[in-house]
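**Student:**
In our numbering, the protein residues as written are 201 to 488.
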């Protein structure tokens, strides 16, 4: 009788600790507290989970964190005015617009009102254009896609060139920027969505699968091969308050990130690393 091997877990905690050690060193060198403001314009529960995580880490770091609650009924004009004010305020070093916005609000239009050097989520058109152009060294990179790339390197090796990775979910916060960021590292990327036909067949020849749709249970055992590394960047809040990913736990692949505890901790750490980089850009200091 044989026992089926369990997939290796890929927690982001230890990578996050390394990143945070560097952030603490940078913060300790300054005689001021960087100020980060997170803007909420919806009643999305997943967004609130992210904001709470950011606030906890900010307290540990000594970052001056504020959550600006505009309410689910805020108008587009008032949202723009709030973002313009944050962008013009020299005491604010980082601004985050939590997505998704309430129905009827235009995220693309709103993101135009965040100064790109304060865009610690890396989602403004200016930062995304630099990524798409292969000029990552000049940009503030989106933390979640960067977290995914970190975890892929941890599982598959630092040199990702030639690997085949499927990205399920072409969203602006993960899938779209990640596609360019993987391509910039020489990865062959297949972009899928929740409507992709014969998903198992499409994924069969891949080395890794990244899922970031926001639909619990989307990636199931029949979709996964033994060689797959599964990175679950989905977050779904269940009626009982539990947080689950887009992939069924313990899939029959080579390795899988847990939810919570996988992509999330590293994403949070990399956002604060972006805050350090943003401060340096605003102060005219050299950045790596």
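Where is the CB? At the ideal position from N, CA and C, for every residue including glycine.
Quick caveat, the model's predicted, so the values are computed rather than measured.
#1: Assuming residue 334 and residue 362 make a contact with CB atoms under 8 Å, what is their CB distance in whole Å?
#2: Could you tell me the distance, in whole angstroms, from the CA atom of residue 399 to the CA atom of residue 423?
#3: When DSSP labels each residue in this structure, what does residue 436 get in the three-state scheme?
#4: State the Cα-Cα distance for the pair residue 202 and residue 450, rounded to the nearest angstrom.
#5: Smallest Cα separation from residue 434: which of 469, 345, 403, 488?
#6: Of all the options 291, 295, 239, 377, which has the alpha carbon lying nearest to the alpha carbon of residue 302?
#7: Put residue 447 into one of helix, strand or coil per three-state DSSP.
#8: Decide if residue 338 is buried, meaning its Cβ has at least 16 other Cβ atoms within 10 Å, or exposed.
#9: Return the Cβ separation of residue 322 and residue 474 in integer angstroms, given the expectation that the two are a contact with Cβ distance under 8 Å.
#10: Take every Cβ of the stretch 411-420, pair it with every Cβ of the stretch 362-374, and state whether three or more of those distances are shorter than 8 Å.
#11: Within its chain, find whatever has a CB closer than 7 Å to the CB of residue 350; leave out the 5 residues flanking it on each side and keep chain order.
#12: With respect to the beta strand (DSSP E) encompassing residue 324, which residues constitute its N-terminal and C-terminal limits?
#13: On the three-state DSSP scale, how would you describe residue 427?
#14: Residue range of the alpha helix (DSSP H) that residue 347 falls in?
#15: Does the Cβ-Cβ distance between residue 419 and residue 440 come in under 7 Å?
**Tutor:** In short, the structure shows the following:
#1: A Cβ-Cβ distance of about 18 Å is found for the pair residue 334 and residue 362, leaving them out of contact under the 8 Å criterion.
#2: Roughly 6 Å separates the two Cα atoms.
#3: DSSP, read as helix, strand or coil, puts residue 436 in strand.
#4: Any reading at residue 202 must be qualified, since the residue scores a pLDDT of 39, below 50, and its modelled position is unreliable; the value itself is stated next. So the two alpha carbons sit approximately 18 Å from each other.
#5: The option with the nearest alpha carbon to residue 434 is 345.
#6: Comparing alpha carbon positions, the residue from 291, 295, 239, 377 closest to residue 302 is 239.
#7: In the structure shown, residue 447 sits in a strand (DSSP, three-state: E or B).
#8: By the 10 Å Cβ count, residue 338 comes out exposed.
#9: Right, the Cβ-Cβ distance comes to about 7 Å (below 8 Å), so this counts as a contact.
#10: Because the criterion of three Cβ pairs below 8 Å is met, the stretch 411-420 and the stretch 362-374 touch.
#11: So the list reads 215, 466, once near-sequence residues are dropped.
#12: Note, residue 324: premise wrong, no beta strand (DSSP E); not H, not E.
#13: In this structure, residue 427 counts as coil in the three-state DSSP scheme.
#14: For residue 347, the enclosing alpha helix (DSSP H) has its first and last residue at 343-356.
#15: The beta carbons of residue 419 and residue 440 sit no closer together than 7 Å.
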